[in-house]
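Visitor: So that you can map any letter, position 315 of the sequence shown is 317 in this note's numbering, and since no number is skipped, the others follow by simple counting.
One structure, as structure tokens, below. Some questions next.
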Amino acid sequence: MPDAGANSSNDGAHKTDVIIIGGGPVGLFAVFELGLLGLSAHVVDILDRPGGQCAELYPEKVILDIPSRLKITGAELCNELMAQIAPFNPTFHFQQMAEKLEKLETGHWRIATDIGTVIEAPVVVIAGGGGSFMPKKPKLDRLEEFEGKSLFYAVRRMDQFRGLNVLIAGGGDSALDWTVNLSPFVAGMSLVHRRNEFRGMQVTVDQMYALVNTGKVNLAIGDILRLNGEGGQLKSVTLKSTEKGEFDVACDAMLAFYGLTMKLGPIANWGLNMDTNRVAVSTETFETSTPGIFCIGDMCHYPGKLKLILSGFHESALMAHACFHYARPNQKLRFEHTTSSSAIQAKLGVP
Ligand SMILES: Cc1cc2nc3c(=O)[nH]c(=O)nc-3n(C[C@H](O)[C@H](O)[C@H](O)COP(=O)(O)OP(=O)(O)OC[C@H]3O[C@@H](n4cnc5c(N)ncnc54)[C@H](O)[C@@H]3O)c2cc1C
Numbered sequence: 003m004p005d006a007g008a009n010s011s012n013d014g015a016h017k018t019d020v021i022i023i024g025g026g027p028v029g030l031f032a033v034f035e036l037g038l039l040g041l042s043a044h045v046v047d048i049l050d051r052p053g054g055q056c057a058e059l060y061p062e063k064v065i066l067d068i069p070s071r072l073k074i075t076g077a078e079l080c081n082e083l084m085a086q087i088a089p090f091n092p093t094f095h096f097q098q099m100a101e102k103l104e105k106l107e108t109g110h111w112r113i114a115t116d117i118g119t120v121i122e123a124p125v126v127v128i129a130g131g132g133g134s135f136m137p138k139k140p141k142l143d144r145l146e147e148f149e150g151k152s153l154f155y156a157v158r159r160m161d162q163f164r165g166l167n168v169l170i171a172g173g174g175d176s177a178l179d180w181t182v183n184l185s186p187f188v189a190g191m192s193l194v195h196r197r198n199e200f201r202g203m204q205v206t207v208d209q210m211y212a213l214v215n216t217g218k219v220n221l222a223i224g225d226i227l228r229l230n231g232e233g234g235q236l237k238s239v240t241l242k243s244t245e246k247g248e249f250d251v252a253c254d255a256m257l258a259f260y261g262l263t264m265k266l267g268p269i270a271n272w273g274l275n276m277d278t279n280r281v282a283v284s285t286e287t288f289e290t291s292t293p294g295i296f297c298i299g300d301m302c303h304y305p306g307k308l309k310l311i312l313s314g315f316h317e318s319a320l321m322a323h324a325c326f327h328y329a330r331p332n333q334k335l336r337f338e339h340t341t342s343s344s345a346i347q348a349k350l351g352v353p
């Protein structure tokens with residue numbers, strides 16, 4: 003759903019106070035913090051919906067460290083952030099990559115996306131998380147034939163796998179988590195890894211072995227040689243190991259978890275100071291080395307940075323206050339609590 007509700011000016015460029023690159027949890031909460039200060043935002047994301055990693059990688063997993071929420075799934079967090087920012091009416095430009103950054107004579111910034119959307123604003127906030135994250139794919143013939151039909155790299159809906167014979171490939175957290183979480187729903191579950199050692203959290207490794215011991219999970223050790231099936235429908239996967247030689251593991255669906263490549267993408271070419279492949283920022287303002295360009299969430303780097311959602315929420319608040327001076331250079335910013343500001347309460351529709 004590209005360009006939901008966008009308004010454009012005569013020259014075709016959208017005008018706003020702040021352009022946010024990335025609609026993950028941190029980009030969404032940034033809309034809220036900016037909105038509290040009266041600043042409007044346009045959000046660009048390559049994905050087809052908001053939520054970043056929470057929506058794409060673990061929508062049904064439970065997050066336990068969002069303050070005051072005993073537990074909340076990735077999808078619920080995205081939905082509630084969307085509800086929280088709704089009063090500020092942000093414009094989303096989905097399914098497009100922020101590609102070009104240009105400084106205008108006015109001092110404002112122009113962002114152009116790979117499908118030609120142009121947005122101008124005095125401030126750009128990069129909330130690009132892991133960047134254009136793409137699954138690492140196994141080097142196997144016929145991958146494309148099965149991809150999206152019976153071979154997947156993420157679990158969008160657990161229900162999609164209900165009653166199927168599922169094969170999970172990989173040895174890290176995602177492979178182990180999904181082996182444990184999906185096994186109650188599926189008709190059969192095989193976990194395939196090239197050696198009998200796993201990189202995941204010990205508690206999940208133990209849970210997986212417990213399922214193997216009760217016969218609920220078939221643990222197959224070996225290298226995947228071939229995908230077998232027709233018309234996009236997998237029937238089995240051929241493995242090879244030193245002990246067993248070549249052997250087939252039957253499956254209706256395969257989930258391959260070989261990790262993600264996290265590429266900064268075009269942002270790496272925008273001339274910003276980088277640190278350990280992320281964007282270096284000041285911890286007072288979350289401004290980058292380029293005035294007027296800010297970076298928050300997983301994509302920013304500073305000493306002690308933790309890639310946590312709550313860290314990104316904190317960064318959003320400080321960033322918004324610093325952005326205000328660019329977007330409203332002639333206005334004074336008054337700090338207000340939401341509990342006592344009738345102006346904020348009116349904006350949020352609180353009676
Ligand atoms: C399996 C798993 C479990 C996790 N569990 C927890 C947990 O329990 N608690 C916790 O706090 N954190 C957890 N995390 C980490 C948490 O998800 C991240 O810290 C959080 O998603 C970072 O949010 P973000 O908005 O900075 O980035 P992201 O969620 O990565 O969103 C960034 C968005 O930017 C977009 N983007 C990037 N570059 C461009 C571009 N050039 N143009 C357009 N769009 C672009 C991407 O498509 C993406 O949607 C977990 C992560 C994983 C993978």
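All C-beta atoms, glycine included, are put in the ideal place defined by N, C-alpha and C.
The beta strand (DSSP E) with residue 111 in it runs from where to where?
Guide: Taking the first residue of the sequence shown as position 1, residue 111 is located at position 109. From DSSP, the beta strand (DSSP E) with residue 111 extends over 111-115.
Visitor: Can you tell me where the alpha helix (DSSP H) with residue 349 in it begins and where it stops?
Guide: Counting from one through the sequence shown, the residue named residue 349 turns up at place 347. First-last of the alpha helix (DSSP H) with residue 349: 344-349.
Visitor: Please classify residue 161: does DSSP put it in a helix, a strand, or coil?
Guide: One-based indexing of the sequence shown puts residue 161 at position 159. Three-state result, residue 161: helix.
Visitor: So does residue 66 have its beta carbon nearer than 7 Å to some heavy atom of ligand 1?
Guide: Reading the sequence shown from its first residue, position 64 is the one you call residue 66. Because some heavy atom of ligand 1 lies under 7 Å away, the Cβ of residue 66 counts as near it: yes.
Visitor: Run the CB neighbour count on residue 70, radius 10 Å, all protein chains shown included, and call it buried at 16 or more, exposed below.
Guide: Position 68 of the sequence shown holds residue 70. Exposed is the call here.
Visitor: At the level of alpha carbons, what is the spacing between residue 225 and residue 185?
Guide: Translated into the one-based positions of the sequence shown, residue 225 becomes position 223. Translated into the one-based positions of the sequence shown, residue 185 becomes position 183. When rounded, the distance between both Cα atoms is 22 Å.
Visitor: Within 10 angstroms of the Cβ of residue 338, are there 16 or more other Cβ atoms? Answer buried if so, exposed if not.
Guide: The residue you call residue 338 lines up with position 336 of the sequence shown. Per the 10 Å Cβ criterion, exposed.
Visitor: Flag residue 157 as yes when its Cβ comes closer than 7 Å to any non-hydrogen atom of ligand 3, and as no otherwise.
Guide: Absence of ligand 3 from the depicted structure is noted, with ligand 1 being the only ligands included.
Visitor: Just reading off the beta strand (DSSP E) that residue 402 is part of, what are its end residues?
Guide: Nothing about residue 402 can be reported from this structure: the residues present for the chain run from 3 to 353 only.
Visitor: Quick check on residue 3: does DSSP put it in helix, strand or coil?
Guide: Along the sequence shown, one-based indexing puts residue 3 at 1. Note that residue 3 has pLDDT 41, beneath the 50 cutoff, so the model's placement of it is unreliable and the number below is only indicative. Residue 3: coil per DSSP, three-state reduction.
Visitor: Is the beta carbon of residue 152 within less than 7 Å of some heavy atom of ligand 1?
Guide: In the sequence shown, counting from the first residue as 1, residue 152 sits at position 150. No, the beta carbon of residue 152 sits no closer than 7 Å to any heavy atom of ligand 1.
Visitor: Please confirm whether any heavy atom of ligand 1 lies closer than 7 Å to the CB of residue 50.
Guide: Within the sequence shown, residue 50 is the residue found at index 48, counting from 1. Residue 50 Cβ: outside cutoff for every heavy atom of ligand 1.
Visitor: Would you say the stretch 143-155 touches the stretch 273-286, given that touching needs at least three Cβ pairs under 8 Å?
Guide: No: fewer than three Cβ pairs fall under 8 Å.
Visitor: Leaving out five residues on either side along the sequence, give the residues of the same chain with a beta carbon under 6 Å from the beta carbon of residue 8.
Guide: Start at 1 with the first residue of the sequence shown, and residue 8 comes out as number 6. Caution is warranted here: a pLDDT of 42 is assigned to residue 8, below 50, making its placement in the model unreliable, and no coordinate value can be reported.
Visitor: Thinking residue 206 and residue 193 are a contact (beta carbons under 8 Å), I'd like their distance in whole angstroms, please.
Guide: Here residue 206 corresponds to residue number 204 of the sequence shown, with the count starting at 1. Here residue 193 corresponds to residue number 191 of the sequence shown, with the count starting at 1. Actually they are not in contact, since the Cβ atoms of residue 206 and residue 193 sit about 11 Å apart, beyond 8 Å.
Visitor: Reducing DSSP to helix, strand and coil, say where residue 78 ends up.
Guide: As a position in the sequence shown, residue 78 is number 76, starting the count at 1. Helix.
Visitor: So what's residue 300 in DSSP terms, helix, strand or just coil?
Guide: Mapped onto the sequence shown, residue 300 falls at position 298. It is helical.
Visitor: Between the C-alpha atoms of residue 2 and residue 267, what's the straight-line distance to the nearest angstrom?
Guide: With the chain running from 3 to 353 in the structure shown, residue 2 is simply not present.
Visitor: Who are the near neighbours of residue 248 in its chain, counting only those whose CB is closer than 8 Å to its CB and skipping five residues on each side?
Guide: As a working mapping, residue 248 is identified with position 246 in the sequence shown. Once the five neighbours on either side are set aside, the close Cβ partners of residue 248 are 227, 240, 241, 242.
Visitor: Does DSSP put residue 243 in a helix, in a strand, or in coil?
Guide: Counted from its first residue, the sequence shown places residue 243 at position 241. Reduced to three states, the DSSP call for residue 243 is strand.
Visitor: Would you call residue 167 buried or exposed, if buried means 16 or more other Cβ atoms sit within 10 Å of its Cβ?
Guide: Here residue 167 refers to the residue found at position 165 of the sequence shown. Classification of residue 167: buried, given that the 10 Å Cβ count is 16 or more.
Visitor: Can you tell me which of the three DSSP states residue 148 falls into?
Guide: Numbered from its first residue, the sequence shown carries residue 148 at position 146. In this structure, residue 148 counts as helix in the three-state DSSP scheme.
Visitor: Following a CB-centred definition, is residue 63 positioned closer than 7 Å to any heavy atom of ligand 1?
Guide: Sequence index remark: in the sequence shown, residue 63 carries index 61 (1-based). At least one heavy atom of ligand 1 is nearer than 7 Å to the Cβ of residue 63, so yes.
Visitor: Inspect the CB distances between the stretch 288-304 and the stretch 83-101 and report whether three or more fall short of 8 Å.
Guide: Cβ pair count under 8 Å is below three, so no.
Visitor: Go through the stretch 18-105 residue by residue and report every complete run of the beta strand (DSSP E) that reaches 3 residues or more, in order.
Guide: DSSP runs (the beta strand (DSSP E)) wholly in the stretch 18-105: 20-23, 43-46, 93-95, 100-105.
Visitor: Pairing CB atoms from the stretch 117-134 with CB atoms from the stretch 23-32, are three or more of them under 8 Å?
Guide: Contact holds: three or more Cβ-Cβ distances are below 8 Å.
Visitor: Does DSSP put residue 324 in a helix, a strand or coil?
Guide: Locating residue 324 in the sequence shown gives position 322, where the first residue counts as 1. Note: residue 324 maps to helix in three-state DSSP.
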